[in-house]
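Engineer: Below you will find the structure I want to go over with you.
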Amino acid sequence: MHVVIQQLCKKYGSKQVLNGINLTLGTGMFGLLGPNGAGKSTLMQILATVIPKTSGDVQIGHCKLGRDEREIRGLLGYLPQEFGVYRKLTGAEYLDYVASMKGITNGKARRKAVAEMLRRVNLEEKRHVRIGKYSGGMRQRIGIAQALLGDPQFIIVDEPTAGLDPEERMRFRDMLTELGKDRTVLLSTHVVADIDNNCKSMAIMSGGRIVFHGTQEQLLQRVQGQVWTVQVGDEKLAELKETAAIVTAKRSGAGYEARVLASSVPLPGAVLAKAGLEDGYIAVMRAGNSQ
Ligand SMILES: Nc1ncnc2c1ncn2[C@@H]1O[C@H](COP(=O)(O)OP(=O)(O)OP(=O)(O)O)[C@@H](O)[C@H]1O
């Protein structure tokens, strides 16, 4: 499914939260990366028809946001950041409720869909337990289950791995990868590591704008030949912070091993390193410019 976002804006009072967003998504996983407060959740909520846009156009398949809300809700699955509202319902009750909202009105069909989804996310045994008693991983799984009810072609997932342990994190990512094979999956996160190899296309948001939109390779190309590691003491590190962009500084021996972005050797002894996504992200955030 194709999703085309053009000049999308959102204002809360006089506060401009989204400022002229342009994005095109196709089949597969699309990673949206940005710091807290960048506007990612606002964008997700607009696409999920939870809140209205202020201006701009969004085309989801053959539907238009602002005109075809009901049809759009039938096309998409949305996993929001928070689930607090449903803590008192059991997993099965919650999925039954969501299935009704998605228009699965036939009781038998609904029970079948709910049972199938509980099995798929491995929560059959916990179906009569209240969601408030679920672990972080279980809550994410019931979240993805509700998002997948009705077999949506566009899946929106907001900050999916918060509160998950490493194993749950990996399982969750595998599940999204599988879903992305024949659907459009939009994944928002502030954790660079969540944007793994499966998100071929990605965007970076900052201050309500898209500051990068392209492939992972294109992001890496931006910092090719500009990432250095260098061993420094406390004083040199402070000096370096003034003159160069430091990606990380890890304690090493008596000083630090600093990872630095610079167009030429930042200090004598600095060694050129292989560029990673984190380096590209830091470079784009510092430049704050759009592609
Ligand atoms: N209902 C609201 N009224 C006023 N301002 C809001 C409202 N909702 C969000 N904002 C503001 O909009 C900006 C973007 O918030 P948003 O939650 O979309 O960012 P985010 O990138 O998803 O970050 P986070 O991961 O922290 O949620 C923030 O400055 C936030 O304070």
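Position 5 (the sequence shown) corresponds to -5 in the working numbering; numbering is contiguous. Think of the CB as a built atom: it goes at the ideal place given N, C-alpha and C, for glycine as much as any other residue.
#1: Rounded C-beta distance between A89 and A103? I'm assuming under 8 Å.
#2: Could you name the residues of the same chain whose beta carbon sits closer than 8 Å to that of N26, not counting the 5 residues immediately before and after it, in chain order?
#3: Would you check if there are 3 or more beta carbon pairs closer than 8 Å linking the segment 78 to 93 to the segment 104 to 122?
#4: Just the Cα atoms here: how many angstroms apart are G266 and Q211?
#5: Looking at ligand 1, does it come within less than 8 Å of T167, judged from the CB to the closest heavy atom?
#6: Just to confirm, does A239 get its C-beta within under 8 Å of one of the non-hydrogen atoms of ligand 1?
#7: Could you name the residues that DSSP lists as bridge partners for T205?
#8: Determine which residues share a DSSP beta bridge with I62 and list them.
#9: Leaving out the 5 sequence neighbours to the left and right, which residues in its chain are closer than 6 Å to Q(-3) when beta-carbon positions are compared?
#10: Taking the Cβ atom as the reference point for each residue, do T39 and L55 lie within a distance shorter than 9 Å?
#11: Quick check on E149: buried or exposed, where buried means 16 or more other Cβ atoms within 10 Å of its Cβ?
#12: For D224, which three-state DSSP category applies?
#13: Between the segment 182 to 189 and the segment 255 to 264, are three or more C-beta pairs nearer than 8 Å?
#14: What distance in whole Å lies between the Cβ atoms of K0 and I36, which are believed to be in contact at a cut-off of 8 Å?
#15: In this structure, does DSSP put A265 in helix, strand or coil?
#16: Measure how close the beta-carbons of V222 and A235 come, nearest whole angstrom, since I'm counting them as under 8 Å.
#17: For I41, which residues of its own chain have a beta-carbon under 6 Å away from its beta-carbon, when the five flanking residues on both sides are left out?
#18: Taking E115 as part of the beta strand (DSSP E), name the residues at either end of that continuous run.
Structural biologist: Short version:
#1: Here residue 89 is taken as the residue at index 99 of the sequence shown, counted from 1. Here residue 103 is taken as the residue at index 113 of the sequence shown, counted from 1. With a Cβ gap of about 5 Å, A89 and A103 count as contacting.
#2: Position 36 of the sequence shown, counted from the first residue, corresponds to residue 26. Once the five neighbours on either side are set aside, the close Cβ partners of N26 are H180.
#3: Cβ pair count under 8 Å is three or more, so yes.
#4: The sequence position of residue 266 within the sequence shown is 276, counting from 1. The sequence position of residue 211 within the sequence shown is 221, counting from 1. In this structure, the alpha-carbon of G266 lies about 10 Å from that of Q211.
#5: If you number the sequence shown from 1, residue 167 lands on position 177. Every heavy atom of ligand 1 is 8 Å or more from the Cβ of T167, so no.
#6: Counted from its first residue, the sequence shown places residue 239 at position 249. A239 Cβ: outside cutoff for every heavy atom of ligand 1.
#7: Taking the sequence shown and counting its residues from 1, one reaches residue 205 at position 215. Answer is S191, bridged to T205.
#8: The residue labelled residue 62 in the question sits at position 72 within the sequence shown. None; I62 has no bridge partner.
#9: Indexing the sequence shown from 1 puts residue -3 at position 7. G10, G46.
#10: In the sequence shown, the residue the question calls residue 39 occupies position 49. In the sequence shown, the residue the question calls residue 55 occupies position 65. Contact: yes.
#11: What you label residue 149 is simply residue 159 of the sequence shown in a count that begins at 1. So E149 ends up on the buried side.
#12: Translated into the one-based positions of the sequence shown, residue 224 becomes position 234. In this structure, D224 counts as helix in the three-state DSSP scheme.
#13: These segments do not touch.
#14: As a position in the sequence shown, residue 36 is number 46, starting the count at 1. As a position in the sequence shown, residue 0 is number 10, starting the count at 1. I36 to K0, Cβ: 6 Å. Contact.
#15: In the sequence shown, residue 265 corresponds to position 275, counting from 1. Here A265 sits in coil by DSSP.
#16: Sequence index remark: in the sequence shown, residue 222 carries index 232 (1-based). Sequence index remark: in the sequence shown, residue 235 carries index 245 (1-based). Not a contact, Cβ separation roughly 14 Å.
#17: By one-based count along the sequence shown, residue 41 stands at place 51. So the list reads Q35, once near-sequence residues are dropped.
#18: As a first step, residue 115 is located in the sequence shown; it is residue number 125 there, counting from the start. Unbroken run through E115: none, as it is neither H nor E.
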